[in-house]
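Asker: One structure follows; several queries about it will come next.
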Amino acid sequence: MNPRRWAALAASLSAVGYVYAVSPEVPGRYLPCPSFILTGTYCPGCGGLRSAHALMHGDLVLSLQRNPLVLPLLIVLVVGGIVWWRRGRPVLRIDPSGWRFRLTMVGIALFWIARNLPGLGWLAPT
């Protein structure tokens, strides 16, 4: 087995274990969002750790309230990681000039804007 794959697996499992065990709800356990500190607006990742923590503890509704992008992102990462592990190569190459990358970036930018609009407060992390 390739040592890089083992290292990636160990790092991933360590990160998952830490987020599972250490609640992001307790102040001072994780770094605050620099985007929120500097601008006062929610970035696409705001609430992501709390969302992942809630999801790992079986609370799907709370996870989606914290950050609705986390669940689809985790599904893509887990499936991609499993395929990468089995094949020994990444599922797909990230091509910044490709339409998938551009569409994803536009979607993230729209989510970033939408979660900071007054009428769409339900997209902001709770």
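The C-terminal residue of the sequence shown carries number 1040 in this note's numbering, and the numbering is unbroken. Backbone N, C-alpha and C fix where the C-beta goes; we use that ideal spot for every residue, glycine too.
1. To the nearest angstrom, report how far apart residue 1001 and residue 992 are at their CA atoms.
2. Heavy atom of the ligand GDP less than 8 Å from the Cβ of residue 997, yes or no?
3. Closest to residue 953 by CA distance: which of 1027, 1034, 940 is it?
4. Using CA atoms only, rank isn't needed, just tell me which of 1007, 1009, 961 is closest to residue 944.
5. Where does residue 967 land, buried or exposed, given buried means 16+ other C-beta within 10 angstroms?
6. Below 9 Å between beta carbons: does that hold for residue 970 and residue 936?
7. So, are the CB atoms of residue 1039 and residue 981 less than 9 Å apart?
8. Could you tell me whether the Cβ atoms of residue 957 and residue 965 are closer together than 9 Å?
9. Roughly how many angstroms separate the alpha carbons of residue 922 and residue 931, rounded to a whole number?
Answerer: Short version:
1. 14 Å
2. This structure lacks the ligand GDP; in fact it carries no ligand of any kind.
3. 1027
4. 961
5. buried
6. no
7. yes
8. no
9. 14 Å
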